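Here is the structure we will look at, set down as structure tokens.
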Amino acid sequence: MSDAIEPRPLGSDQAFWWLLDQNHPVHVVMVAEVAGPTTIRDWQRALQAVQRRHPNLCGRIVADNHGGLWFRHVADAPITLRVAEGDPSTWDSELQRELATRLDMHQGPLARAALIHRSDRSTFILSIHHAVADAKSILFAIRDVLLVLAGQSVERLAPVASLTSQLFKDGGARGLDAAPEHAPPPSGMKPDIFRSFAGETPEIVRLTLGPSVTAELRNRARAERTTVHCALIIAATMAARQISPELRNAPITIISPSDMRPLLGAGEEVAPLAGGAALTMQPRQYPDDFWQAARAVREDLVPPRTIEQLAQAFSSTERLMATRPRLQQLIDLFASRGGQKISINNLGAAPFKAEFGALALKALWGPALLVGYEGERLISAATVDGSLNLLHVSYTPIPSILELTQQHLIAACAAAPS
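The opening position of the sequence shown corresponds to residue 5 in the working numbering, with each subsequent residue numbered one higher.
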């Protein structure tokens, strides 16, 4: 593949995240705990090799004279690797720092990394802007770094268009005409209030379900004809209502991102290719029985399953960004969706083995991402080496939500079959 990469226009999804970043940083961060011998120079070389592999890690976003947005390749702009002091197992403050530090949108690349290093154990933190990557992208990029550290080579990949660029490559006709406008918020629901970012640091809480509990949960969910993700949604919602008076009797909208690569026929490139679904859960809407409720959520929370459904889901974004809205217009639209929300982002089990030669991926955490509205709450989940790692990120976290979520999951696994 030639080193020359032609500029390419941003898709509407990329333009959306670029514009929203002007109010609050919207980069995605993941944390990898790695056991085995390495040097700092090893990590630098591996990061350089992975940057060469993925074109979206080698550029910046620029506006032309007509207001159009373009991704332009930037040569000789390596991803910065910040080396932090400390114990690799106590990385919470470093993740907080990464979330609270903007990526420079005027310079390339739109990524950076941090490393807490010891000779036999390291924690690697990778941040990439949401305009050029999703969580699955970062998972693949971390895997690629570990492959290079283990002495393997990684081939260069061709540039990949964003999700909406692929969906609406014929001018946006498919799915646009039939798409409904945004529904008005329910009566009495207050709009979201967006914070203007001033360097605030979000809170980080984490918890690991060990291999035996994780395996029991996976097997029980399968036997109950549902998924770990749906069980996690029920357990987290139950916990949130028990802990928070604000949430106890309120509708809670669950935001559930999902990987659209299989639907698009995409591979393992670093690119923004995520979609998802949302489900508003009313108090006492679902059965009291845990597994009956988890089955009901599986029926109700359905991501796009066809290209046409995916185009429908993104058509309003395509229409909106075609008008080249101002930042305040975007914030006003986002805020109008109002109501209590919890984003539950489950990457599932890592689609690769945890061993990389003399190295082992011991834990994976994230994705971590906040978009800036008041009361925002994220619970992310990632499974590696048999353990399910839960991360709660928020400016106003729900106290003990992960511990109570774990208790509900363990109790559900111990309960008699429903």
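Glycine is no exception: its CB is placed at the ideal position from the N, C-alpha and C atoms.
Because the structure is a prediction, the values reported are computed rather than measured.
By the 16-neighbour rule on beta-carbons within 10 angstroms, residue 140 is buried.
In chain order, 15, 17, 18, 276 place their CB closer than 6 angstroms to the CB of residue 166, counting only its own chain and leaving out the 5 sequence neighbours on each side. Per DSSP, reduced to three states, the secondary structure at residue 358 is coil, with no helix or strand assignment. Residues 228, 293, 295, 296 of the same chain have their beta carbon placed closer than 7 angstroms to that of residue 422, with the five preceding and five following residues left out of the count. In this chain, the beta strand (DSSP E) harbouring residue 263 covers 256–263. Of the residues 273, 261, 274, the one whose Cα lies closest to the Cα of residue 307 is 261.
Looking at the DSSP output, residue 127 shares a beta bridge with 37, 120. Cβ atoms of residue 45 and residue 158 stay farther apart than 8 angstroms, at about 18 angstroms. Residue pairing by DSSP places residue 207 opposite 398 in a beta bridge.
The beta carbons of residue 222 and residue 394 sit about 15 angstroms from each other, so the pair does not count as a contact at 8 angstroms.
Annotation for residue 335: 27, 198 place their beta carbon closer than 7 angstroms to its own, counting only its chain and skipping 5 residues before and after. In the DSSP assignment, residue 330 is bridged to no other residue. Between residue 351 and the set 87, 104, 136, 144, the nearest pair of CA atoms involves 144. A buried status is given to residue 92, since no fewer than 16 other beta-carbon atoms sit within 10 Å of its beta-carbon.
Considering only 201, 49, 87, the residue with the shortest C-alpha distance to residue 377 is 201. CA-CA distance, residue 326 to residue 225, rounds to 43 angstroms. Under DSSP, residue 280 shares a beta bridge with 261. The three-state secondary structure of residue 233, taken from DSSP, is helix.
Between the C-alpha atoms of residue 10 and residue 231 there is a straight-line separation of about 42 angstroms.
Judged by DSSP in its simplified three-state form, residue 95 adopts coil rather than helix or strand.
Under the three-state reduction of DSSP output, residue 173 falls in the coil class, being neither helix nor strand.
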